[in-house]
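Residue numbers (the numbering used here), protein chains in the order written: chain A, 1 to 99; chain B, 1001 to 1171.
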Amino acid sequence: MTLNHYLILGAILFSIGVVGVLTRRNAIIIYMSIELMLNAVNLTLIAFSRYLNDLDGHIFALMIMTVAAAEAAVGLAIIISLFRSKESVNVDDFNILKG
Amino acid sequence: MQLLIFSVFAAGAIIFSLIMITNNRSVVSAMSMVGTMFCLAALYVLLDAHLLAALQIIVYAGTIMVLFLFVIMLLNLREKEGVGAVAEHNIFFQFGGILIIGYLFIKVVGAIRESLPSGTVSVGRDFGTVSAVGKVLFTDYLLPFEVASILLLAAVVGAVILARNIKRKDA
């Protein structure tokens, strides 16, 4: 077991998350993909922390979890209020900021 | 033995996340995301991050997932609305983006392979436990900890204001 295994797994999960964000049109699933990308970064940080024998990476991962929780709460509230006005969660329907 | 455990949970995480981004039903996607989070928590245990593994399950599989399921239930989306569909028109840009990400991915993996020293590192017995992480969190990182609490308060206020049912005059 080496650090490389974890880094490659983190890169794979991050790429899957990016593909999800780019290809899906459902706003909820886009949010899930963003959470997946945050988790891939967490895995990388914790792996580095373990193999450098330094607990700072754990603190960073903890902060990322906090930000992810706050982001999920606000983001889902935004999705609810968008659904109220447009009756849809398809991101192609939301172009009200287009000039 | 460690490699076997790693392989099982890494494969689980990848398979669950692939199900998550390909399935048409939102509930199935949410459940696959729970599976991914559990696999990642197992990998954190393998990395001696015991506190973070517990937090991962509590925060993601518990809190965030309940929030997602509530929203899916509340919006009550039907299949015919095409919420699972991949957009047709700007498909060129999507595939361009995926190609660029794939290139980035290959470059990152290649750079990692040739640069990093590999091998095992031994850590102390209390690495990643509640007391060790808590000691670092409440001494060196006390200010970020307090700022995080303000961030959470702001998120609560923002979510309440955004999701509040505003009565319109013209309605």
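All residues carry an ideal CB built from backbone N, CA and C; glycine is no exception.
Original post:
Does the beta carbon of T23/A sit closer than 8 Å to a beta carbon anywhere in chain D?
Top reply: The question asks about chain D, but that chain is absent: this structure's protein chains are A and B.
Subject >> Alpha-carbon to alpha-carbon, A1041/B and L36/A >> reply: Locating residue 36/A in the first sequence gives position 36, counting from the first residue. Locating residue 1041/B in the second sequence gives position 41, counting from the first residue. Answer to the nearest angstrom: the Cα atoms are 13 Å apart.
**OP:** Kindly indicate if chain B contains any beta-carbon less than 8 Å away from that of M111/A.
**Re:** With chain A running from 1 to 99 in the structure shown, residue 111/A is simply not present.
Subject >> Identity of the residues DSSP links to R25/A by a beta bridge >> reply: Locating residue 25/A in the first sequence gives position 25, counting from the first residue. Answer by DSSP bridge pairing: none, since R25/A is not bridged.
**OP:** Give a yes or no on whether the C-beta atoms belonging to F1009/B and G1035/B are separated by under 8 Å.
**Re:** Locating residue 1009/B in the second sequence gives position 9, where the first residue counts as 1. Locating residue 1035/B in the second sequence gives position 35, where the first residue counts as 1. No, they are not a contact pair.
Original post:
On the three-state DSSP scale, how would you describe N42/A?
Top reply: Locating residue 42/A in the first sequence gives position 42, where the first residue counts as 1. Note: N42/A maps to helix in three-state DSSP.
**OP:** Starting from R84/A, follow the alpha helix (DSSP H) in both directions and report where the run begins and ends.
**Re:** Against the first sequence, residue 84/A aligns to sequence position 84. 56-86 is the extent of the alpha helix (DSSP H) around R84/A.
Original post:
Hey, how far is the Cα of P1144/B from the Cα of F1092/B?
Top reply: On the second sequence, position 144 is the one that residue 1144/B refers to. On the second sequence, position 92 is the one that residue 1092/B refers to. Distance between the alpha carbons of P1144/B and F1092/B: 42 Å.
Original post:
What does a CB cutoff of less than 7 Å around T1129/B pick up in its chain, not counting 5 residues either side in sequence?
Top reply: Counting from one through the second sequence, the residue named residue 1129/B turns up at place 129. Here the set comprises H1050, L1051.
Original post:
So, is the C-beta of V18/A closer than 8 Å to a C-beta in chain B?
Top reply: If you number the first sequence from 1, residue 18/A lands on position 18. For V18/A, the answer is yes, since a Cβ of chain B falls inside 8 Å of its Cβ.
**OP:** Indicate whether at least one CB of chain B lies closer than 8 Å to the CB of V89/A.
**Re:** Working through the first sequence from its first residue, we reach residue 89/A at position 89. Yes, because at least one Cβ of chain B sits closer than 8 Å to the Cβ of V89/A.
Original post:
Is N26/A buried or exposed, if buried means 16 or more other CB atoms sit within 10 Å of its CB?
Top reply: Position 26 of the first sequence, counting from 1, holds the residue named residue 26/A. By the 10 Å Cβ count, N26/A comes out buried.
**OP:** Would you kindly check if the distance between the Cβ of I28/A and the Cβ of S1026/B is under 8 Å?
**Re:** Indexing the second sequence from 1 puts residue 1026/B at position 26. Indexing the first sequence from 1 puts residue 28/A at position 28. Cβ atoms of S1026/B and I28/A: closer than 8 Å.
Original post:
Hey, how far is the Cα of L1152/B from the Cα of K86/A?
Top reply: Stepping through the second sequence from its first residue, residue 1152/B is reached at position 152. Stepping through the first sequence from its first residue, residue 86/A is reached at position 86. In a straight line, the C-alpha of L1152/B is about 28 Å away from that of K86/A.
**OP:** Evaluate Y1044/B with the Cβ neighbour count: other Cβ atoms within 10 Å of its Cβ, from every protein chain shown; 16 or more gives buried, anything less gives exposed.
**Re:** As a working note, residue 1044/B is residue 44 in the second sequence. The residue in question, Y1044/B, is buried, as its Cβ has 16 or more Cβ neighbours within 10 Å.
**OP:** Taking 8 Å as the threshold, find out whether the stretch 65-79 of chain A comes into contact with the stretch 1018-1025 of chain B through three or more Cβ pairs.
**Re:** no
**OP:** Quick one: grab the DSSP three-state call for N4/A.
**Re:** Taking the first sequence and counting its residues from 1, one reaches residue 4/A at position 4. Reduced to three states, the DSSP call for N4/A is helix.
Original post:
Are S81/A and A1061/B close, meaning C-beta to C-beta below 8 Å?
Top reply: As a working note, residue 81/A is residue 81 in the first sequence. As a working note, residue 1061/B is residue 61 in the second sequence. No; because the gap between Cβ atoms is not below 8 Å, this pair is not in contact.
**OP:** State the beta-bridge partners of N95/A as determined by DSSP.
**Re:** Against the first sequence, residue 95/A aligns to sequence position 95. BP columns for N95/A are empty, so no partner.
Original post:
If you drop the 5 nearest sequence neighbours on each side, which residues of the same chain put their C-beta closer than 8 Å to that of I30/A?
Top reply: Translated into positions along the first sequence, residue 30/A becomes position 30. The answer, listed in chain order, is G20, V21, R24, V91.
Subject >> DSSP beta-bridge partners of N90/A >> reply: Position 90 of the first sequence, counted from the start, is the residue given in the question as residue 90/A. In the DSSP output, where bridge partners are listed per residue, N90/A has N26/A.
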